[in-house]
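Here's the structure we're looking at; comments come further down.
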Amino acid sequence: MTAAFLPVLLAGGNGTRLWPLSRTLMPKQFIRLAGTDTMLQQTLCRLDGLSLEKPFIICNEEHRFIVAEQARQAGVETQGILLEPFGRNTAPAVAMVAFEQLTQGNDPLMLVLPSDHRIENVKAFQASVIEAAAAAGQGKLVTFGIVPSHAETGYGYIEAGQPFSASGARAVKRFVEKPDKATAEEFLANGHFFWNSGMFLFRASRYLEELKAARADIYDVCEQAAQNIEREFDFARIPKDIFEACPDESIDYAVMEPTAEAAMVPLDAGWSDLGSWSALWEVEEKDSDNNVKIGDVVAADTRGAYIRAESRLVATIGLEDVVVVETKDAVLVAEKSRVQDVKRLVEQIRGEKRTEHHCHVQVFRPWGDYESIDDGARFQVKRITVKPGQKLSLQMHYHRAEHWIVVKGTALVECGDETTLLTENQSTFIPVGTKHRLINPGKVALELIEVQSGSYLGEDDIVRFDDNYGRS
Numbered sequence: 001m002t003a004a005f006l007p008v009l010l011a012g013g014n015g016t017r018l019w020p021l022s023r024t025l026m027p028k029q030f031i032r033l034a035g036t037d038t039m040l041q042q043t044l045c046r047l048d049g050l051s052l053e054k055p056f057i058i059c060n061e062e063h064r065f066i067v068a069e070q071a072r073q074a075g076v077e078t079q080g081i082l083l084e085p086f087g088r089n090t091a092p093a094v095a096m097v098a099f100e101q102l103t104q105g106n107d108p109l110m111l112v113l114p115s116d117h118r119i120e121n122v123k124a125f126q127a128s129v130i131e132a133a134a135a136a137g138q139g140k141l142v143t144f145g146i147v148p149s150h151a152e153t154g155y156g157y158i159e160a161g162q163p164f165s166a167s168g169a170r171a172v173k174r175f176v177e178k179p180d181k182a183t184a185e186e187f188l189a190n191g192h193f194f195w196n197s198g199m200f201l202f203r204a205s206r207y208l209e210e211l212k213a214a215r216a217d218i219y220d221v222c223e224q225a226a227q228n229i230e231r232e233f234d235f236a237r238i239p240k241d242i243f244e245a246c247p248d249e250s251i252d253y254a255v256m257e258p259t260a261e262a263a264m265v266p267l268d269a270g271w272s273d274l275g276s277w278s279a280l281w282e283v284e285e286k287d288s289d290n291n292v293k294i295g296d297v298v299a300a301d302t303r304g305a306y307i308r309a310e311s312r313l314v315a316t317i318g319l320e321d322v323v324v325v326e327t328k329d330a331v332l333v334a335e336k337s338r339v340q341d342v343k344r345l346v347e348q349i350r351g352e353k354r355t356e357h358h359c360h361v362q363v364f365r366p367w368g369d370y371e372s373i374d375d376g377a378r379f380q381v382k383r384i385t386v387k388p389g390q391k392l393s394l395q396m397h398y399h400r401a402e403h404w405i406v407v408k409g410t411a412l413v414e415c416g417d418e419t420t421l422l423t424e425n426q427s428t429f430i431p432v433g434t435k436h437r438l439i440n441p442g443k444v445a446l447e448l449i450e451v452q453s454g455s456y457l458g459e460d461d462i463v464r465f466d467d468n469y470g471r472s
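Residue 22 in the UniProt record's numbering sits at position 22 of the sequence shown, and the numbers go up by one each step.
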């Protein structure tokens, strides 16, 4: 068994490539795409069997409770969750964790993993990690090169040089941008080119040494930010005013390309970054017509399609090589060869000031979730679920009143100076400008219907006075 690693999971993202299933508030790493666990949970679970320290997870501020809850569901205790006020790419994010470790007197081998990759052969992955540890222990900065299965134009490549030792690690001759088809075919035939996985293993101090030498501007900002980390529960918050000055750069560009100490370990483990709907079609089980069908789907005279129904029946006739993805508030229909353009489509939706790129109709909160059922001029209807023992913040609204009707469980309602216990089929009214709080004191989930009415119904019309989750 190798020395202990510190897993560093990169869980940021904008949720654009797998729209409409992924959104800004629910990017793909938090979704069950292939299998019963989310991509984040699969990444955590494939570490079982290695000698590990508790993982560190890096995510956006707005995803903090999703990350904490999914780690809890996977039975994984984290060392901490580092919150970015906004994305600055992978080089600064990993630098922040490295500074955090050195400040505490630690200098671990940091195993940096995107949390949205699929790896079929976990044993092969772990064997490659152990191989990489030998090189990282000698001061090398190791990346993992995916053994290519075809001439892919959607990935960057790594050209491997001579082996360092019998461990299997090889020198990196160069990194190559995404090639055209002819160049990709040349790379595949050459045998010395590998897909760039975006996974790394290096000692914390060595990473910072190379970052300082190549990109002192990133190093200096991260060092200052690390000295001013704000801590709350299991969360470590990067100060916004300092981090704002940090350049946006990846580990590849900032460190791996400039360093003379880059190494690569081949990885042949059924890897995919699931970066498009066509990539999901590749890995999922298909029927006799080469279709992937998920959910309530009826496909007639349809071939080579990826069809996913989240909330209702989806039926197709006479289609070939298409992607159809249905959610409660949006449907995507695209040629399978054009799915790389989904990101551009999301930008168009955002530019039209719509909301479907940002969140689903069901929105998750640390206390439970809510789902929009209906809305119109001056009203909005939601279904709210509160987990047993959880409570919402003590809050008020300037522009809306609320009616609550309990349909399941028991609700303890604080409204002004009064506290009321409500059971199924009972209701209450929350006037505009009144402090109120909803609590589930029971042992089963509380479900209620909320009818909001008023001149403004946006989620930002909330003034919090007290909150269990650090949002007040």
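Yeah, the Cβ is synthetic: ideal placement off N, Cα and C, and Gly gets one too.
Inset, instruction - Enumerate, from N- to C-terminal direction, the unbroken beta strand (DSSP E) stretches of 3 or more residues contained entirely within the region 166 to 228. - result: 170 to 176, 193 to 203
Legend entry - Local conformation of residue 53 per DSSP, three classes: Residue mapping note: residue 53 aligns to position 53 of the sequence shown, counting from 1. Here residue 53 sits in coil by DSSP.
Inset, instruction - Have a look at the DSSP bridge pairing and note the partners of residue 374. - result: Start at 1 with the first residue of the sequence shown, and residue 374 comes out as number 374. Looking at the DSSP assignment, residue 374 forms a beta bridge with 381.
Legend entry - N- and C-terminal bounds of the beta strand (DSSP E) containing residue 453: For the purposes of this step, residue 453 is taken as residue 453 along the sequence shown, with counting starting at 1. Note, residue 453: beta strand (DSSP E), 446 to 454.
Inset, instruction - Whole angstroms is fine: what's the gap from residue 465's alpha carbon to residue 438's? - result: Here residue 465 refers to the residue found at position 465 when the sequence shown is read from its first residue. Here residue 438 refers to the residue found at position 438 when the sequence shown is read from its first residue. Rounded to the nearest angstrom, the two C-alpha atoms are 13 Å apart.
Inset, instruction - Could you please give me the residues that DSSP links to residue 231 through a beta bridge? - result: Reading the sequence shown from its first residue, position 231 is the one you call residue 231. Paired residues: 236.
Legend entry - Nearest neighbour of residue 362, chosen from 379, 385, 286 [CA to CA]: Within the sequence shown, numbered from 1, the residue matching residue 362 stands at position 362. Among 379, 385, 286, the Cα nearest to that of residue 362 belongs to 385.
Inset, instruction - Leaving aside the five residues before and after residue 229 along the sequence, list all residues of the same chain whose C-beta is less than 6 Å from its C-beta, in chain order. - result: To locate residue 229, count along the sequence shown from 1; it is residue 229. These residues qualify, in order along the chain: 236.
Legend entry - Close beta carbons around residue 274, own chain, < 8 Å, minus the five adjacent residues each side: Your numbering for residue 274 matches position 274 in the sequence shown. Cβ neighbours of residue 274 beyond the five flanking positions: 18, 28, 33, 34, 39, 116, 117, 118, 280, 283.
Legend entry - Candidates 80, 121, 342, of which the one nearest residue 267 by Cα: As a first step, residue 267 must be located in the sequence shown, where it is residue number 267. Ranking 80, 121, 342 by Cα distance to residue 267 puts 121 first.
Legend entry - Three-state secondary structure assigned by DSSP to residue 252: Position 252 of the sequence shown, counted from the first residue, corresponds to residue 252. Here residue 252 sits in helix by DSSP.
Legend entry - Among 41, 330, 319, 327, the one whose alpha carbon lies nearest that of residue 336: Translated into positions along the sequence shown, residue 336 becomes position 336. It is 319 whose Cα lies nearest to the Cα of residue 336.
Legend entry - Selection from 323, 303, 296, 317 that minimises the alpha carbon distance to residue 507: This structure gives no information on residue 507, because the portion of the chain shown stretches from 1 to 472.
Inset, instruction - Specify the secondary structure class of residue 336 as computed by DSSP and reduced to three states. - result: On the sequence shown, position 336 is the one that residue 336 refers to. Three-state DSSP puts residue 336 in a helix.
Inset, instruction - To the nearest angstrom, report how far apart residue 127 and residue 133 are at their CA atoms. - result: Numbered from its first residue, the sequence shown carries residue 127 at position 127. Numbered from its first residue, the sequence shown carries residue 133 at position 133. Residue 127 and residue 133: Cα-Cα distance of roughly 10 Å.
Legend entry - Start-to-end residues for the alpha helix (DSSP H) that takes in residue 164: One-based indexing of the sequence shown puts residue 164 at position 164. Run containing residue 164: none; DSSP gives neither H nor E here.
Inset, instruction - For the region 253 to 272 and the region 132 to 148, state whether three or more C-beta atom pairs, one from each stretch, are separated by less than 8 Å. - result: yes
Legend entry - Helix, strand or coil at residue 482 according to DSSP, with G and I counted as helix: One cannot answer for residue 482 here, as it falls past the ends of the chain, which runs 1 to 472.
Inset, instruction - Please determine, among 55, 48, 66, 423, the residue with the shortest C-alpha to C-alpha distance to residue 26. - result: Along the sequence shown, read from residue 1 onward, the residue named residue 26 stands at position 26. Minimum Cα distance to residue 26 is reached at 66.
Legend entry - Buried/exposed call for residue 71, threshold 16 Cβ in 10 Å: Position 71 of the sequence shown, counting from 1, holds the residue named residue 71. When all chains shown are included, residue 71 counts as buried.
Legend entry - Beta carbon of residue 20 nearer than 8 Å to that of residue 285: Here residue 20 is taken as the residue at index 20 of the sequence shown, counted from 1. Here residue 285 is taken as the residue at index 285 of the sequence shown, counted from 1. No.
Inset, instruction - For the alpha helix (DSSP H) holding residue 515, just list the boundary residues, first then last. - result: Outside the displayed span of the chain (1 to 472) sits residue 515, for which this structure offers no information.
Legend entry - Cβ neighbour criterion (16 or more within 10 Å) applied to residue 291: Locating residue 291 in the sequence shown gives position 291, counting from the first residue. With 16 or more Cβ atoms within 10 Å of its Cβ, residue 291 is classed as buried.
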